[in-house]
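Order-wise, the sequence lines are chains F and S. Just so you know, we're using my numbering here: the first sequence kicks off at 1192 and counts up by one. Just so you know, we're using my numbering here: the second sequence kicks off at 99 and counts up by one. Just below is one structure, and these are the notes that go with it.
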Amino acid sequence: MSNAPAIHEIYLLPDGVDKVVETKSTKIPNASTFHLEKEDHTLGNLLRAELLRNPKVLFAGYKMPHPLDHSVDLKLQTTADTSPLTVLQEDVNSLMRELGLIKKRFENEMTLHNMQSSDPNGMPYTVDRAYS
Amino acid sequence: MNIDHHSGLSFTEAGGPQIAIKEVTPTTVTFVLSNTDLSVANALRRVMIAEVPTIAIDLVDFELNTTVLADEFIAHRLGLIPIISHQAVHLNYRHECTCSPYCEECSVLFSLDVSCQSENAMSVYSTHLVSSSPAVQPYVDPANEKGVLIAKLRKGQQLHVKAIARKGTGKEHAKWAPCTGVAFEYDPHNKLRHTTYWHEEDARKEWPLSAKAVEEPAPRDDEPFDYKAKPERFYFTVESTGALPPTTIVTQALDVLMRKLAEVHRVLGGIAEAQGEPVVQPTYNL
Ligand SMILES: [Zn+2]
Chain F
1192 MSNAPAIHEI YLLPDGVDKV VETKSTKIPN ASTFHLEKED HTLGNLLRAE LLRNPKVLFA
1252 GYKMPHPLDH SVDLKLQTTA DTSPLTVLQE DVNSLMRELG LIKKRFENEM TLHNMQSSDP
1312 NGMPYTVDRA YS
Chain S
99 MNIDHHSGLS FTEAGGPQIA IKEVTPTTVT FVLSNTDLSV ANALRRVMIA EVPTIAIDLV
159 DFELNTTVLA DEFIAHRLGL IPIISHQAVH LNYRHECTCS PYCEECSVLF SLDVSCQSEN
219 AMSVYSTHLV SSSPAVQPYV DPANEKGVLI AKLRKGQQLH VKAIARKGTG KEHAKWAPCT
279 GVAFEYDPHN KLRHTTYWHE EDARKEWPLS AKAVEEPAPR DDEPFDYKAK PERFYFTVES
339 TGALPPTTIV TQALDVLMRK LAEVHRVLGG IAEAQGEPVV QPTYNL
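So, in C-alpha cells, the structure goes:
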C-alpha cells in the first residue's frame, strides 16, 4: 500500500551484486570510478581524504549519486607509475592501520584511566560498573 | 614493520593518532583524538551513532490492551526503551537468520503482563518487562530505579503484550542508536575559519568562548590567517543511552569501521587478481 523503499535496502547487499565495481575511464589515462554498494559518506569521505594525502593521486572525489540509492561513486586518477586500483588498495590498507592504532591507544588509555581513578570508598572505578 | 607510505615514518612508536581520555562516567566518555584527519574523526562519529549494533524491541504483539493508549503508541514507546546490548555481538541480524518468523539466535522475547487493581492510577515501567534471556534486560539508571515509564493504568485496565527484541543499527531506526548524542568539536578559537560568527558589532564580545578554548592557545590579534592549516585535535563526548558502556561504543565503532574497510580491501584484491594487477597484501590484523 505504499511505495516506501524497503528499509533493508540501506545495508543489505542483494545476491549477485558486487560490493565494489571498477570502471576504467576511456578518456583519461590512469583514471577509474569505483562504485561502492551499500556505503555512504562515512566511507566515501574517509577514502577521498586519505587518497588526497597520497602524492601519487592526481584527483580524488566522491559522490552519492542519489539520496535513495545507497551507494557511493569514488573517482580517482593517479600518476602513470601506478594504477587507481593499486593506490586504493594501499590507502585502504593504511587507513586500517591508522584505525587499529586509534583502537589500541584508546584501550591503553582506558586501562590507565581505570587504574588512576578510584571511588571515595577506595573501590577501583571500572568503566563497566553499571553493567555488571 | 608498519610503515606509513605517505610520511615514510614508522607508525609503531610515538607517531600516528593520539588518544587522551579525560573523563569516564557510567554513561559518558570524554576524550581528545589528535594528530589525525577530520575525515577519520568524522567517520568515527558517524559510525558511533549509526552503525554500532544494539538490541531494541522491534515487533509487538498485543494480546490485550484496555488502557487509554493506542497499540501503536505503546509499541513505539517499547521500541525506544534502552536494552543492555552486550549480547548483540552474539545475536544474528534478522536477515542473517533462516528462521521464520524468529528464533533465539536472532531474537529476545519480552513479555509485559500488568493489570490495575487499586483505586489509584498504576504506573507501568520498563522494569515490569520480563525477558526470556537473563543477559538481555532493560537498562535501569541507578538514579531512577523504576526504569522508564511506559503507560499509566486506571482500575480495571489491563495490558498483555509479547514483544520481540532484535539486533539492529541506528541506520535503520534511531531506537537502535547506542548514543543519545556525540559532542564533537575542533578548533575552539575558529582559527581555521570553518565557521562564521554572526554578530551585531564585535563577534568576540557577543559569542562566549567554548569550554575547550583553554586547550588551545588563542590567536594573537596580529596573527596572519594560515590558509594551509588543518584541524588536528578533536574533542569528543560520547553519551550512551545505557545500551552499551560508552567506551565500548567507541571500540566497537572502530571495529565496525575496520571491518568495512577490510571488506572493501578483500573485494579490491579479488578485482586486482582477476585483472592481473598487483594485489596489495593486508599489513593489518583485525
Ligand atoms: Zn532467527
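We treat Cβ as the ideally placed atom computed from N, Cα and C, and that holds for glycine. From a predicted model like this one, the values you see are computed outputs, not experimental measurements.
Pick helix, strand or coil for residue i, following the three-state DSSP scheme.
i, result
"L257/S", "strand"
"M220/S", "strand"
"K1266/F", "strand"
"N288/S", "coil"
"G279/S", "strand"
"L342/S", "coil"
"A424/S", "Since the displayed chain S opens at 99 and closes at 384, residue 424/S lies outside it and no answer follows."
"T349/S", "helix"
"P236/S", "strand"
"T152/S", "strand"
"I119/S", "strand"
"E299/S", "coil"
"L385/S", "Nothing about residue 385/S can be reported from this structure: the residues present for chain S run from 99 to 384 only."
"S132/S", "strand"
"H1257/F", "coil"
"N1245/F", "coil"
"R331/S", "strand"
"N1236/F", "helix"
"H188/S", "helix"
"F81/S", "This structure cannot settle anything about residue 81/S, because the visible part of chain S is limited to 99 through 384."
"K1218/F", "coil"
"K1210/F", "coil"
"S209/S", "strand"
"S198/S", "coil"
"V362/S", "helix"
"S137/S", "helix"
"A272/S", "helix"
"E314/S", "coil"
"L355/S", "helix"
"I1201/F", "helix"
Just the C-alpha distance for residue i and residue j, rounded to the nearest angstrom, thanks.
i, j, result
"T126/S", "L355/S", "21 angstroms"
"D1272/F", "L1279/F", "14 angstroms"
"D1282/F", "A249/S", "52 angstroms"
"H174/S", "A154/S", "11 angstroms"
"Q1307/F", "E1200/F", "46 angstroms"
"T267/S", "R302/S", "41 angstroms"
"V246/S", "S338/S", "15 angstroms"
"D102/S", "R144/S", "Here D102/S scores only 46 on pLDDT, less than 50, and its place in the model should not be relied on; the value that follows carries that caveat. Going from the Cα of D102/S to the Cα of R144/S covers about 25 angstroms."
"H1226/F", "G254/S", "60 angstroms"
"V1263/F", "L1238/F", "11 angstroms"
"A309/S", "N1299/F", "26 angstroms"
"V365/S", "T164/S", "54 angstroms"
"K1295/F", "I147/S", "21 angstroms"
"H466/S", "V234/S", "The requested residue 466/S does not occur in the structure, where chain S is confined to residues 99 to 384."
"P236/S", "G177/S", "11 angstroms"
"G1252/F", "G340/S", "38 angstroms"
"K1137/F", "K244/S", "As displayed, chain F neither begins before 1192 nor continues past 1323, which places residue 1137/F out of reach and without an answer."
"L142/S", "S213/S", "45 angstroms"
"F334/S", "R252/S", "45 angstroms"
"A118/S", "F1297/F", "8 angstroms"
"S230/S", "S216/S", "28 angstroms"
"A223/S", "C195/S", "Strictly speaking, residue 223/S in this sequence is Tyr, with Ala absent from that position. Going from the Cα of Y223/S to the Cα of C195/S covers about 31 angstroms."
"H1304/F", "V122/S", "8 angstroms"
"Q379/S", "N1221/F", "21 angstroms"
"S1223/F", "L359/S", "19 angstroms"
"S132/S", "E321/S", "23 angstroms"
"G1291/F", "K273/S", "28 angstroms"
"D1231/F", "A281/S", "21 angstroms"
"G114/S", "T381/S", "16 angstroms"
"F332/S", "N288/S", "13 angstroms"
"H1257/F", "E371/S", "31 angstroms"
Since residue i and residue j should fall inside the 8 angstroms C-beta cutoff, what is the C-beta to C-beta distance between them, to a whole number of angstroms?
i, j, result
"L1259/F", "E1228/F", "At roughly 14 angstroms, the Cβ-Cβ gap does not stay under 8 angstroms, so L1259/F and E1228/F are not in contact."
"V228/S", "A263/S", "Going by Cβ atoms, the distance from V228/S to A263/S rounds to 12 angstroms, so no, they are not a contact pair."
"E1289/F", "T134/S", "7 angstroms"
"E313/S", "P343/S", "Not confirmed; about 25 angstroms, so no contact."
"I347/S", "V130/S", "No, I347/S and V130/S are not in contact; Cβ-Cβ is about 17 angstroms, not under 8 angstroms."
Quick one: residues with CB closer than 5 angstroms to any heavy atom of ligand 1, in chain order, please.
C195/S, C197/S, C201/S, E203/S, C204/S
Under 8 angstroms (Cβ pairs) to chain F, residues found in the stretch 235-261 of chain S:
P240
Between the stretch 1255-1277 of chain F and chain S, which residues of the former have CB atoms less than 7 angstroms from a CB of the latter, in chain order?
S1274, L1276, T1277
Could you please tell me which residues of the stretch 350-363 of chain S, in chain order, have their CB closer than 9 angstroms to any CB of chain F?
L352, D353, L355, M356, K358, L359, A360, E361, V362, H363
Compile a chain-ordered list of the residues in the stretch 1284-1301 of chain F whose CB is closer than 7 angstroms to at least one CB of chain S.
N1284, S1285, L1286, M1287, R1288, E1289, L1290, G1291, L1292, I1293, K1294, R1296, F1297, E1298, E1300, M1301
Below 9 angstroms between beta carbons is the criterion; list the residues of the stretch 1196-1208 of chain F that meet it against any residue of chain S, in chain order.
I1198, H1199, I1201, Y1202, L1203
Which residues of the stretch 171-189 of chain S have a Cβ closer than 8 angstroms to any Cβ of chain F? Give them in chain order.
I182, H184
Against chain F, which members of the stretch 285-297 of chain S pass a CB distance test of less than 8 angstroms?
none
Compile a chain-ordered list of the residues in the stretch 365-382 of chain S whose CB is closer than 8 angstroms to at least one CB of chain F.
V365, L366, G367, I369, A370, Q373, E375, P376, V377, V378, P380, T381, Y382
Under 9 angstroms (Cβ pairs) to chain F, residues found in the stretch 144-170 of chain S:
R144, V145, A148, E149
Report the residues of the stretch 205-234 of chain S with a CB closer than 9 angstroms to any CB of chain F, ordered along the chain.
none
Taking Cβ-Cβ distances below 9 angstroms as the criterion, which residues of the stretch 1229-1241 of chain F are in contact with chain S?
E1230, D1231, H1232, T1233, L1234, N1236, L1237, L1238, R1239, A1240, E1241
Any C-beta of chain F within less than 7 angstroms: which residues of the stretch 296-319 of chain S qualify?
none
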